[in-house]
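Trainee: My questions will all concern the structure given below.
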Amino acid sequence: WYQRRVHGVKEQQWSHIWNQLGICHCYSVFGDICQSANRALPIGGRIVWNDYVGNKPETDLVRRFVCDLMHYSHLITSAEYISTLEANGFVIEHHFCEEWKEHFLLGHDLLIKRAVELGIEASAEWYRSRKQAVEEGSYSNQVVVARKVRELPTAAKDG
Numbered sequence: 001w002y003q004r005r006v007h008g009v010k011e012q013q014w015s016h017i018w019n020q021l022g023i024c025h026c027y028s029v030f031g032d033i034c035q036s037a038n039r040a041l042p043i044g045g046r047i048v049w050n051d052y053v054g055n056k057p058e059t060d061l062v063r064r065f066v067c068d069l070m071h072y073s074h075l076i077t078s079a080e081y082i083s084t085l086e087a088n089g090f091v092i093e094h095h096f097c098e099e100w101k102e103h104f105l106l107g108h109d110l111l112i113k114r115a116v117e118l119g120i121e122a123s124a125e126w127y128r129s130r131k132q133a134v135e136e137g138s139y140s141n142q143v144v145v146a147r148k149v150r151e152l153p154t155a156a157k158d159g
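Residue numbers for the sequence shown follow the working numbering, beginning at 1 and rising by one.
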């Protein structure tokens with residue numbers, strides 16, 4: 001954040017907003033989050049957000065072993081994520097989205113192995129099911145850097 005003086009009064013404003021895997025828990029209000037980010041940033045301010053997004057229509061497997069367990073209302077697609085940011089006054093400067101299959105699969109294999117070693121079969125079965133969602137390519141991890149280029153109309157800012 002930075003400080004400046006306006007009419008002799010010190011004003012504080014954010015220069016950027018950073019998020020790592022937090023907004024994906026709030027997709028039911030993603031538009032509101034984008035509007036709040038617009039209000040908090042000056043023109044030229046940036047967001048750097050990293051979240052999980054869906055790649056395909058939601059299956060029962062993804063609902064039960066990704067969304068429900070992680071307390072996601074649902075997963076939006078990367079295209080929906082980007083278009084919502086753009087509709088709320090941001091231009092995308094960098095966008096990276098990949099399935100991270102190798103990383104996720106290795107992690108799940110290790111978790112399954114450990115759960116079996118500890119005799120926690122219910123956990124092992126849960127990790128096997130979530131691993132299946134990873135193998136299907138149902139969701140990805142993405143990073144977005146976006147810059148605020150316009151203010152929102154007052155009605156949108158006021159909610």
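We treat Cβ as the ideally placed atom computed from N, Cα and C, and that holds for glycine. Model, not experiment: these values are computed from the prediction.
Would you check if the segment 142-157 and the segment 32-41 touch, i.e. whether three or more CB-CB distances between them fall below 8 Å?
Mentor: The segment 32-41 vs the segment 142-157: in contact.
Trainee: Terminal residues of the continuous beta strand (DSSP E) containing V48?
Mentor: V48 -> beta strand (DSSP E) spans R46 to G54.
Trainee: Could you please give me the residues that DSSP links to A146 through a beta bridge?
Mentor: According to DSSP, which records beta bridges pairwise, A146 is partnered with I47 and I92.
Trainee: Near F65, which residues of its chain fall below 6 Å by C-beta distance, leaving aside the five closest residues on each side in sequence?
Mentor: Around F65: S129, R130 and A133.
Trainee: Excluding the 5 residues preceding and the 5 following I43 in the sequence, name in chain order all residues of the same chain whose CB lies nearer than 8 Å to its CB.
Mentor: Here the set comprises K148, V149, R150 and E151.
Trainee: Verify whether the separation of the beta carbon atoms of E93 and V145 is less than 8 Å.
Mentor: Contact: yes.
Trainee: Classify S140 as helix, strand or coil using the three-state DSSP reduction.
Mentor: Strand at S140.
Trainee: Skipping 5 residues on each side, what residues in its chain have a beta carbon closer than 8 Å to that of I82?
Mentor: Once the five neighbours on either side are set aside, the close Cβ partners of I82 are I92, H95 and V144.
Trainee: Which full runs of the beta strand (DSSP E) of 3+ residues lie inside the segment 76-131, going along the chain?
Mentor: Entirely contained in the segment 76-131, the beta strand (DSSP E) runs reaching 3 residues are, in chain order, 90-98.
Trainee: Is the segment 14-24 close to the segment 103-114, with three or more CB pairs under 8 Å?
Mentor: Contact between the segment 14-24 and the segment 103-114 is absent, because fewer than three Cβ pairs lie under 8 Å.
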